[in-house]
Structures are given as C-alpha cells and as structure tokens.
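Per numbering that gives the first Met the number 0, numbering of the sequence shown is gapless, rising by one per residue and ending at 325. Glycine included, each C-beta is placed from N, C-alpha and C at the ideal position.
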Amino acid sequence: MAKPLISIIIPAYNRADLIVETLDSVSKQSFQDWECLVVDDGSEDDTVHVVQQFMENDKRFRFFKRPDEFKNGGSGAKNYGIQQSEGKYLMFLDSDDLYDVNFVEEQVKKISGEPETTICFSKYYTFRQDVSDAKKENPGFFRDFPDVNDYVKYYCLNGYAFYTACLIAAKTLVEKAGGWNEDLTINDDGEFLINVALTAKKILFTENATVYYRVNPSGKMLYEYPEKADHILDSLKLISNHIMSRADFENKPAYCATLFVHLKFLYPDNKEVWQKADQEIEHLGGKHFYIHDDALFNSIWKVFGLSSAFLYRRIRNYSRKHLKTA
C-alpha cells in the first residue's frame, strides 16, 4: 500500500464536543492523499468513540493513545504522532480548529517542487463558535520570508506570528529540528516554530489556504492566569537561546531582550514577573526595542520607565471611557 503524501497530526484531550467539527473539516479536503493521526492524551470523555466513528467510514483516519514514554501534554502526543506518521510532509492541527476545504491542496501546491528545507505557512482567521463569524485580519507576517532571519526578527518585535496549524513542513526537517519540547506546557508552539524556522532555509506564505483558529471561549487573557507566567518565561528563554546560537543578524541580544519586554506587557501589574524579565533583559545586555505603536507611550517609557507609561495608558483609557469633551 502506497504511503500518503501528507500526515495530519491531531493531539486530543477531552474534545468529544468539538473534535467532530475538526475531523469533518479534514475529511472534506479537496486533496485526497493524506492520513490523519489522532493521538489521545488520556481523555476521559467520548473522544475515542468519536474518532472511531470516523475511522469506520474512512481508513485514512488513525487513532493512537500516547504511550507513557512520551510526556503528558500536547507536545508528547504530537511527538508520538510524528513517530507513527508515514507522510513526506507534516501538518499539525489542534482538536478544536478547522481547515478550509482547500487547505491541504493549496499547501501542497505551494510546497511542491521546493527543497525540504522550505516550509510554508497559511493565513488564519480566529473564531469562537462559527467560522461564518471569523475575524479576518491581515497581519504583517502574511508574506514570504526568503530569509528566515527576517521571520525571527518579526516574531521578537511583535511577540507572535503564525499558528502551528498554518504550517506544512517536510518530516525530515521537523525531525532534524528535534520535534516538540515536551518539557514546555505554555508557548510550546512558539518555541517549536522558531526552532523549525531556524532549521529551514526559506519560508513561503500560502495565500489561498486558510485555517480557522478557535479562540478561548471564556475570553480570558494570559495575564488572568498568573500561575502561567513562569512557564512562558521558560519558553522565552529557550527561544532566546535558539536565536542567540543559530540566527544570523545584527543586534540579536536586543531582539531577544524584546521578547521579555512582551512578557512584561502580558503581566503589567505583576512585580515578580517584571523582576524575572528584567533579569533576562540585563543578562542580554540591557538593550531592547520599543514595541508600542503610541509615540507618547514610548516617549514616557524611554524617559520615565515602563511603569509610568502604563500609568499614562490607564489614565488615557479611563478618560476616554468616562470623561466627555466639551
């Protein structure tokens, strides 16, 4: 039996209520030469039963339970999926996200004929319940990066870029990068993508492929989970180490230090987080880029410090909300 060209790896944990939509979006793909590996991470609901129903109707779906030698969590499940995959190219999809019907086809078109050191990213739209209400944005990273260093710099300055579900990459390249870091519980995707990007030689943007990323239904932001701050810090340290040791551009310490400035923005009232972030910034030489698009905010930041700039922003936002102009 011929091996599939594409392996789609989906980690799953207690997703019986949402994974139906995800698997349905895979089954409806216009491109047919794929396998879909669902790796269960210890679900206690009906996730297994839902996946088995898809397997009965389509043999391209495969189901696995993450073995104990792979750590708990999505990264361990994805690493086991990589090990079991048979495709030339890998894709990763979360168990609550969705593919547009032509997603795989367009990704294959883009990467075909490219060396295995090329990776491709699609565009993405965010949604909560229904893709018809998806938020269609056009961020600055929806473009090609012939030099992967430019992608890395963009990530440092903005604190985010593509989602993992946007990626198609050769299995050989992902394996060379070392797969997913199973010690990370937060921002493991950010660390993975920077690692893969620095292993690649070129990044292409697939304009006609769309993945729908489901945002947190609760609407909570990371700063509302202070217990996650140290885990984010750990991931940023690893990302910084990757960049310092493997990237090739000027002012690397300042770019890496800017990653920790983003952490301070996530937790503007958490003194402990600020202290740890400042230690990393100082370790990198103390210089960083100013990342806010408000000129006055940046001026206050430069002269009086970030705390004063945040105070200005709070006063400004309060006045806009509560005070009426004559």
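Quick check: residue i and residue j, are their CB atoms within less than 8 Å of each other?
{"i": "A168", "j": "Y79", "result": "no"}
{"i": "I231", "j": "I185", "result": "yes"}
{"i": "A253", "j": "N148", "result": "no"}
{"i": "F30", "j": "V103", "result": "yes"}
{"i": "K200", "j": "T117", "result": "yes"}
{"i": "R127", "j": "R14", "result": "no"}
{"i": "A160", "j": "Y150", "result": "yes"}
{"i": "H241", "j": "L197", "result": "yes"}
{"i": "F63", "j": "L22", "result": "no"}
{"i": "L36", "j": "F91", "result": "no"}
{"i": "I81", "j": "V210", "result": "no"}
{"i": "I202", "j": "D143", "result": "yes"}
Per DSSP, which residues does residue i bridge with? Please list them.
{"i": "D34", "result": "The question names Asp, yet the displayed sequence has Glu at residue 34. Answer is S6."}
{"i": "K134", "result": "T125"}
{"i": "R213", "result": "F126"}
{"i": "D39", "result": "A11 and K64"}
{"i": "L203", "result": "C119"}
{"i": "F144", "result": "I202"}
{"i": "M90", "result": "I7"}
{"i": "A169", "result": "Y88"}
{"i": "Y98", "result": "V210"}
Under 8 Å by Cβ, that's how I've got residue i and residue j pegged, so tell me the actual separation to the nearest angstrom.
{"i": "A11", "j": "S74", "result": "So it is not a contact: roughly 14 Å between Cβ atoms."}
{"i": "L235", "j": "F259", "result": "6 Å"}
{"i": "Y162", "j": "Y123", "result": "5 Å"}
{"i": "V337", "j": "R65", "result": "Coverage of the chain is limited to positions 0 through 325, which leaves residue 337 absent and any answer about it impossible."}
{"i": "Y98", "j": "Q28", "result": "7 Å"}
{"i": "E136", "j": "E85", "result": "About 35 Å separates the two Cβ atoms, so there is no contact after all."}
{"i": "T257", "j": "F288", "result": "5 Å"}
Please identify the residue among the options whose C-alpha is closest to the C-alpha of residue i.
{"i": "I5", "options": "D40, Q106, Q52 and N13", "result": "Q106"}
{"i": "E43", "options": "P225, K122, D16 and K236", "result": "D16"}
{"i": "G72", "options": "A276, Y159 and N180", "result": "N180"}
{"i": "A276", "options": "F296, A294, C255 and L295", "result": "C255"}
{"i": "D67", "options": "G41, Q83 and E115", "result": "G41"}
{"i": "V272", "options": "A308, K227 and D45", "result": "K227"}
{"i": "L183", "options": "I238, D23, Y159 and E279", "result": "I238"}
{"i": "L156", "options": "L166, G139, D143 and D146", "result": "G139"}
{"i": "G285", "options": "V25, K251 and D45", "result": "K251"}
{"i": "P267", "options": "K175, A176, S306 and Q83", "result": "S306"}
{"i": "I8", "options": "E281, M243, N101 and V25", "result": "V25"}
{"i": "G189", "options": "N215, A176 and G158", "result": "G158"}
{"i": "D57", "options": "K270, G178 and D32", "result": "D32"}
{"i": "E279", "options": "V50, D233, K2 and N269", "result": "D233"}
Residue i CB to nearest chain C CB: under 8 Å?
{"i": "Y124", "result": "Checking the listed chains, one finds no chain C in this structure; it contains a single protein chain."}
Taking 7 Å as the cut-off, is the beta-carbon of residue i closer than that to any non-hydrogen atom of the ligand FMN?
{"i": "A176", "result": "Among the components of this structure there are no ligands whatsoever, and the ligand FMN is therefore not found."}
- [ ] Evaluate the contact criterion for the stretch 205-215 versus the stretch 97-115: three or more CB pairs, one atom per stretch, below 8 Å.
- [x] yes
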